[in-house]
Amino acid sequence: GQQVMQIPQYQHVQEGEDFTTYCNSSTTLSNIQWYKQRPGGHPVFLIQLVKSGEVKKQKRLTFQFGEAKKNSSLHITATQTTDVGTYFCAGLLLGGNTGKLIFGQGTTLQVKP
Amino acid sequence: DTEVTQTPKHLVMGMTNKKSLKCEQHMGHRAMYWYKQSAKKPLELMFVYNFKEQTENNSVPSRFSPECPNSSLLNLHLHALQPEDSALYLCASSHPDTRSNYGYTFGSGTRLTVV
């Protein structure tokens, strides 16, 4: 079936270091979304990428969508302790009148102060 | 605070019990979803409802029975669950236009433990 793979599963960084998580799909995606889930919380929508090769920035976060629309990355510059959480990519597969969002396994980020 | 409200927040039930999870949203979204989140597993899509009609059942066992009374409410009826069904059950809703840039809005979830 359709799969979205995400690596790494865990990442421990020192505060101030950069962090990147990568997402790959077995099929071409209509769009890709990124979510953040704080410990004990629920996923919160961060951003959506739609166009091939698209790059979007949110302060220290940079999101990229691959040219083939099958991979994506999230890069955080100069991590802070507030960045702690699990980051999920999710690929939207369209079919019929609705799409369905398939989530990657997530990358859990720990930041040491 | 989330605009998708889920109740209860925690639920412990025996394998012979019948219980229901409730989800409500007032954002005017027409699509609603149930996801299961287990430890060390990705979020698993269970059901999709679009304009109150079920459009996706992701091979979910019949001991999980969804119900969508109206476009703002989505219930999940539970019966004869197994311990491996213990997980965080998340409800989400979204704008019907997949081109919108708002993503899914998730509720806080129901932490279910089957004993």
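In order, the protein sequences belong to chains D and H. Per the numbering used here, the first sequence starts with residue 1, numbered consecutively. Per the numbering used here, the second sequence starts with residue 1001, numbered consecutively. Ideal Cβ placement from N, Cα and C applies to all residues, glycine included.
Problem set entry | Identified DSSP bridge partners for H42 of chain D | Beta-bridge pairing links H42 of chain D to no other residue.
Exercise. Which whole-angstrom value describes the C-beta separation of F103 of chain D and F88 of chain D, a residue pair presumed to lie in contact below a C-beta threshold of 8 Å?
Worked result: 5 Å
For this session: Measure from the alpha carbon of G53 of chain D to the alpha carbon of each residue in D:S25, D:K70, D:L61, then state which is nearest.
Result: D:K70
Problem set entry | Helix, strand or coil at P1066 of chain H [DSSP, three-state] | strand
Exercise. Does Y1089 of chain H come within less than 8 Å of chain D when only Cβ atoms are used?
Worked result: no
Exercise. Looking only at C-alpha atoms, which of H:K1018, H:T1110, H:V1114 sits nearest to G41 of chain D?
Worked result: H:T1110
Exercise. What does DSSP give as the partner residues of G99 of chain D in its beta bridges?
Worked result: D:L94
Exercise. Can you give the Cα-Cα distance for P43 of chain D and L1043 of chain H, rounded to whole angstroms?
Worked result: 10 Å
Problem set entry | For L1081 of chain H, the residue or residues it bridges with in DSSP | In the DSSP output, where bridge partners are listed per residue, L1081 of chain H has none listed.
Exercise. Are there 16 or more other CB atoms within 10 angstroms of the CB of T1016 of chain H, so buried, or fewer, so exposed?
Worked result: exposed
For this session: Output yes or no for whether 8 Å exceeds the beta carbon distance between S1093 of chain H and K1009 of chain H.
Result: no
Exercise. What is the DSSP secondary structure of T81 of chain D, counted as helix, strand or coil?
Worked result: helix
Exercise. Can you tell me whether I32 of chain D is buried or exposed, with buried defined as 16 or more other CB within 10 angstroms of its CB?
Worked result: buried
Problem set entry | Buried versus exposed call for A1039 of chain H [16 or more other C-beta atoms within 10 Å across all chains shown] | exposed
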